[in-house]
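Chemist: If you use the working numbering, the sequence shown corresponds to residues 7 to 314, in order. For glycine and all other residues, C-beta sits at the position ideal for the given N, C-alpha and C. Structure below; questions to follow.
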Amino acid sequence: MTLSVILPNYNHASLLKKALEAIITQSYPPDEIVLIDDGSTDNSLDVIASFQKRFPNLRLIQNEKNLGPVPTINRGVKEARGELLAFCSADDFILPGFFEKGVSVMQQHPELALCCGKAAHFEAQTPKVLIPDQMPDLGKELRLLLPKETAALFRNTTFFIHTNCTIYRKKPLFEYGGLNPKLKSLCDWYLSCQIALHHPIAYLPSLMAAFRLDEASYSKSTKRASNNDEMFHALMEQILSEGSEWKHAVASTGMLSHAGIQMVLFLMREKKYRKFFPKAFLKKCQFHYHHLFRRGDPLKAGDLDNIS
7 MTLSVILPNY
17 NHASLLKKAL
27 EAIITQSYPP
37 DEIVLIDDGS
47 TDNSLDVIAS
57 FQKRFPNLRL
67 IQNEKNLGPV
77 PTINRGVKEA
87 RGELLAFCSA
97 DDFILPGFFE
107 KGVSVMQQHP
117 ELALCCGKAA
127 HFEAQTPKVL
137 IPDQMPDLGK
147 ELRLLLPKET
157 AALFRNTTFF
167 IHTNCTIYRK
177 KPLFEYGGLN
187 PKLKSLCDWY
197 LSCQIALHHP
207 IAYLPSLMAA
217 FRLDEASYSK
227 STKRASNNDE
237 MFHALMEQIL
247 SEGSEWKHAV
257 ASTGMLSHAG
267 IQMVLFLMRE
277 KKYRKFFPKA
287 FLKKCQFHYH
297 HLFRRGDPLK
307 AGDLDNIS
């Protein structure tokens, strides 16, 4: 079963080396890396060229102009040749064993649309690592989940399918049209929800990737924007266009709480969408705020290098 890695990059030369090193040194190397450069003006191309010498299956695709993250990723998906896809970021890195564990599960269970793992979040300016307490009831073994089981988990815990620590089967991604640029930083979350609430998935309770919490990141900048109404309107209209069963799934799982306090304020303002503001939504908001970043004995960023 073939695996393609989709890796967008824009002016992340200083971080790209670590991201690529983590990919090419995996115990299960990918069949190809589709690296799409979105018009970088730093020395990213030099870094990429040095890695192409070590990993000939690294394919560089260059956008003629800066398109932004979502169109760039969608281009990578269209170019990818693998049956399975992994999405990596130039400013984050995956952990040892991610591909081997994820691909093995997908090979053994051809009915699965995706296999996800746990993510560590580290602060860019400090050695502090935060591991969200995302799956309190799933135990320490592989879990195979039917859509109704995933829906129950969405109702009772926080969202747990992080794009950069998930192996996707390519076909379902196309089934739902890929990432919607109008949804901006919510596009990968929404697509993963669509897939997981319609197809069987798997959850591996292993750390698979480390995400940088940086104020300059795309998701951070959009989530803290003072007015996200355009993105939220696009999201709600997308939901309303997809039929009664999907609208019920969104409302009953409270999944919109993933968008945070800005979504709460938006739903309070917009009468048209208030039916998506039920008890399940409030319950999930409470879970986010009280459990998402519970701290035990915190790791340090350097500890991530020793995970096997």
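Restricting to runs no shorter than 4 residues, where is the alpha helix (DSSP H) found entirely within the segment 20–106?
Modeler: Listed in chain order, they are 50–60, 75–85.
Chemist: From the DSSP secondary-structure annotation, give me the bridge partner or partners of histidine 205.
Modeler: Paired residue(s): none; histidine 205 is not in a bridge.
Chemist: Relative to the C-alpha of leucine 152, which residue among Phe217, Pro206, Pro77 is closest?
Modeler: The shortest Cα separation from leucine 152 among Phe217, Pro206, Pro77 belongs to Pro206.
Chemist: Using only the alpha-carbon positions, how far apart do alanine 215 and glutamate 106 sit?
Modeler: If you take the alpha carbons of alanine 215 and glutamate 106, they lie about 13 Å apart.
Chemist: Hey, how far is the Cα of aspartate 235 from the Cα of alanine 96?
Modeler: Using only the alpha carbons, I get a separation of about 28 Å.
Chemist: Could you tell me if lysine 124 is buried or exposed, where buried requires 16 or more neighbouring beta carbons within 10 angstroms of its beta carbon?
Modeler: Classification of lysine 124: buried, given that the 10 Å Cβ count is 16 or more.
Chemist: Report the rounded CA-to-CA distance for glutamate 85 versus glutamine 32, giving the unit in angstroms.
Modeler: So the alpha carbons of these two residues sit roughly 22 Å apart.
Chemist: Assign alanine 255 to one of three DSSP states: helix, strand, or coil.
Modeler: Helix at alanine 255.
Chemist: Buried or exposed for isoleucine 100, going by 16 or more other Cβ atoms inside 10 Å?
Modeler: Isoleucine 100 is buried by the Cβ-count criterion.
Chemist: Nearest by alpha-carbon distance to arginine 161: which of Cys171, Ala255, Pro77 is it?
Modeler: Nearest option by C-alpha distance: Ala255.
Chemist: For isoleucine 173, collect the residues of the same chain with a Cβ closer than 7 Å to its Cβ; drop the 5 residues on either side in sequence, then sort them by chain order.
Modeler: Excluding positions up to five away in sequence, the list reads Leu90, Ala92, Gly108, Val109, Met112, Leu120, Cys121.
Chemist: Quick one: any contact between the segment 10–19 and the segment 31–47, if contact means 3 or more CB pairs under 8 Å?
Modeler: Touching, yes, given that three or more Cβ pairs across the two stretches are closer than 8 Å.
Chemist: Quick one: measure Cβ to Cβ for glycine 88 and lysine 176, integer angstroms, because I've assumed they're closer than 8 Å.
Modeler: Confirmed, Cβ separation roughly 7 Å.
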